[in-house]
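A quick write-up on the structure given underneath.
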Amino acid sequence: MTDLEEYRQSVRRWCADHVPPDWRARQTGVTGAGFAQFQQWWFAELRSAGWAVPHWPAEWGGGLSVAEQEILYSELAAADAPRLVLQFVAIHHAAATLLAAGTPEQRRRHLPAILDGEVWCQGFSEPGAGSDLASLRTTALRDGGAYIADGQKLWASGAAHADWCLLLARTDPAAPKRKGISYFLLDMKTPGVDVRPVRNAVGESHFCEIFLAGARIPAENLIGPENAGWQVAQQTLGAERGLTMLELAERLGHAGFRWLVASCREAGLLDDSRVTDTLAGFETEIEGLRGLCRSQVAGTSAGPADASVVKLYYSELLQRMTDFGVTVTGVPGFTALAKPASSGWESGIWPLDFIGSWEWTIPGGTSEIQRTIIAERGLGLPRGA
Numbered sequence: 031m032t033d034l035e036e037y038r039q040s041v042r043r044w045c046a047d048h049v050p051p052d053w054r055a056r057q058t059g060v061t062g063a064g065f066a067q068f069q070q071w072w073f074a075e076l077r078s079a080g081w082a083v084p085h086w087p088a089e090w091g092g093g094l095s096v097a098e099q100e101i102l103y104s105e106l107a108a109a110d111a112p113r114l115v116l117q118f119v120a121i122h123h124a125a126a127t128l129l130a131a132g133t134p135e136q137r138r139r140h141l142p143a144i145l146d147g148e149v150w151c152q153g154f155s156e157p158g159a160g161s162d163l164a165s166l167r168t169t170a171l172r173d174g175g176a177y178i179a180d181g182q183k184l185w186a187s188g189a190a191h192a193d194w195c196l197l198l199a200r201t202d203p204a205a206p207k208r209k210g211i212s213y214f215l216l217d218m219k220t221p222g223v224d225v226r227p228v229r230n231a232v233g234e235s236h237f238c239e240i241f242l243a244g245a246r247i248p249a250e251n252l253i254g255p256e257n258a259g260w261q262v263a264q265q266t267l268g269a270e271r272g273l274t275m276l277e278l279a280e281r282l283g284h285a286g287f288r289w290l291v292a293s294c295r296e297a298g299l300l301d302d303s304r305v306t307d308t309l310a311g312f313e314t315e316i317e318g319l320r321g322l323c324r325s326q327v328a329g330t331s332a333g334p335a336d337a338s339v340v341k342l343y344y345s346e347l348l349q350r351m352t353d354f355g356v357t358v359t360g361v362p363g364f365t366a367l368a369k370p371a372s373s374g375w376e377s378g379i380w381p382l383d384f385i386g387s388w389e390w391t392i393p394g395g396t397s398e399i400q401r402t403i404i405a406e407r408g409l410g411l412p413r414g415a
């Protein structure tokens with residue numbers, strides 16, 4: 031066997047020994063505390079194997095090649111392993127931001143802590159400032175050795191469990207909207223921080239509102255220069271739109287497509303050429319998505335709009351696949367359906383997964399925003415009036 035094939039077999043054996051076969055049943059109907067406890071346990075399991083943060087630099091606990099990452103995510107998906115939902119912002123968005131713009135001290139403080147289970151959320155969007163993020167109105171005004179933050183954030187995934195928050199706030203209200211924004215690391219235990227969960231359409235309360243009332247942020251928690259937060263935020267959004275997608279593409283190919291074929295088989299539809307043509311089309315698109323993700327992570331595709339292409343491609347393919355799943359299975363007993371925590375969108379319950387798929391066309395910039403970025407930065411088209 032080649033070294034990569036030996037690596038694949040080692041991951042496969044590990045999954046057989048460590049992935050709980052009944053985790054979906056155990057995570058159905060759990061409390062928020064039960065979800066967080068399970069997620070922390072699973073994160074520790076992956077860390078003990080050296081696979082919690084494979085995309086990080088080797089000096090910080092990662093260092094896997096693109097080929098090894100792809101194998102790891104493929105085998106985890108094939109084994110129906112739980113997904114790291116609670117740690118998603120920490121290991122992807124927070125880490126990417128710290129590595130790109132953090133000070134050495136900020137990296138030393140937070141990257142090892144993330145490996146120890148520190149949970150992060152993202153305080154970007156606001157009421158009236160979602161897709162048009164530069165219109166945010168939360169302020170953080172200098173007061174001696176600190177900044178005093180006031181305002182409201184919305185759609186802060188996992189904030190109810192978070193230890194820290196990636197916060198964008200306006201530090202120069204008189205500056206043009208992209209020029210007066212700064213980027214902060216906010217300790218969620220700070221007095222004046224109030225988190226309120228928001229129940230969504232599938233019955234979860236993963237999204238949260240964050241209210242800031244005189245929250246004092248030490249100046250050393252500023253990341254990047256003051257009033258240059260918009261530029262730093264592009265590192266975070268780039269990770270959200272691109273580098274996180276390698277695992278998600280594998281999940282779509284294994285869990286999503288495998289379950290879709292199984293649903294069609296159970297419905298007796300695999301003799302229908304229209305159904306098999308649709309499945310073949312999805313499989314082809316998934317392979318294209320995998321190729322795009324590999325190229326981006328490997329750095330062989332470096333176009334200015336590549337992250338937006340991957341994000342748009344994934345989110346809309348996910349939406350169409352889950353929509354087809356609902357078409358095949360219908361929505362019997364919808365009110366009685368319960369989604370297992372720790373599953374992300376891939377619960378295997380098509381009506382809930384379809385509803386959840388709409389979330390992916392909104393965070394990190396809506397599909398409309400991604401098309402604008404692709405048109406302007408990728409194709410060089412002029413900005414519309």
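Position 76 of the sequence shown, counted from 1, bears residue number 106 in my numbering, the numbering being contiguous throughout. Glycine included, C-beta positions come from ideal geometry on N, C-alpha and C. Note that this is a predicted model, so its numbers are computed, not measured.
Once the 5 residues before and after residue i are set aside, which same chain residues still bring their CB inside 6 Å of it?
i	result
Ala405	Leu411
Val83	Gly91, Gly92 and Ile121
Ala164	Lys207 and Arg208
Arg137	Leu128
Within this structure, are the beta carbons of residue i and residue j separated by less than 8 Å?
i	j	result
Ser372	Gln67	no
Lys183	Glu239	yes
Asn251	Leu215	yes
Arg320	Gly283	yes
Ile316	Gly132	no
Gly355	Leu290	yes
Ser235	Pro227	yes
Ile101	Val49	no
Ala335	Arg407	yes
Glu148	Asp217	no
Ser161	Phe237	no
Phe7	Gln117	The displayed coordinates of the chain run from 31 to 415. Any statement about residue 7 would go beyond what the structure contains.
Glu75	Tyr37	no
Enumerate in chain order the residues of its own chain whose CB-to-CB distance from residue i is below 7 Å, with the five nearest sequence positions on each side excluded.
i	result
Ser387	Leu348, Gln349, Thr352 and Trp375
Ala231	Ile385
Thr127	Leu196, Ile253, Val262, Gln265 and Thr266
Gly259	Leu198, Ile211, Ser212 and Tyr213
According to DSSP, what are the bridge partners of residue i?
i	result
Ser212	Ala199
Thr58	Pro370
Thr169	Asp180 and Arg200
Arg488	Any question about residue 488 goes unanswered here, given that the chain covers just 31 to 415.
Leu252	Phe214
Gln117	DSSP, once it has assigned bridges, lists no residue as partnering Gln117.
Gln152	Leu196
Ala159	Glu156
Cys238	Pro227
Whole angstroms are fine: how far does the CA of residue j sit from the CA of residue i?
i	j	result
Cys323	Val340	7 Å
Phe65	Glu398	33 Å
Ile144	Asp307	44 Å
Val60	Pro393	25 Å
Ala415	Tyr343	Reliability fails at Ala415, whose pLDDT of 48 lies under 50, so the model's placement of it is uncertain and the value that follows must be treated cautiously. Those two C-alpha atoms are separated by around 26 Å.
Met31	Val358	With a pLDDT of only 46 at Met31, under 50, the local geometry of the prediction cannot be trusted, and no value is derived from it.
Gln265	Trp150	16 Å
Leu242	Gly222	6 Å
Leu309	Pro203	52 Å
Gln152	Val115	14 Å
Gly95	Trp81	According to the sequence displayed, residue 95 carries Ser and not Gly. Roughly 12 Å separates the two Cα atoms.
Glu417	Tyr213	Look at the range of the chain in this structure, 31 to 415, and you will see that residue 417 is not part of it.
Gly87	Glu296	Strictly speaking, residue 87 in this sequence is Pro, with Gly absent from that position. About 44 Å.
Asp173	Thr220	16 Å
Looking only at its own chain, which residues have a Cβ that is under 8 Å from the Cβ of residue i, when we skip the five neighbours before and after it?
i	result
Arg167	Glu156, Gly158, Ala159, Gly181 and Arg200
Strictly under 8 Å for the Cβ-Cβ distance: is residue i near chain D by that measure?
i	result
Trp260	The chain labelled as chain D is not found in the depicted structure, where only one protein chain is given.
Q.
Measuring CB atoms only, is the stretch 45-55 touching the stretch 96-113, in the sense that at least three cross pairs come out at less than 8 Å?
A. Yes: at least three Cβ pairs fall under 8 Å.
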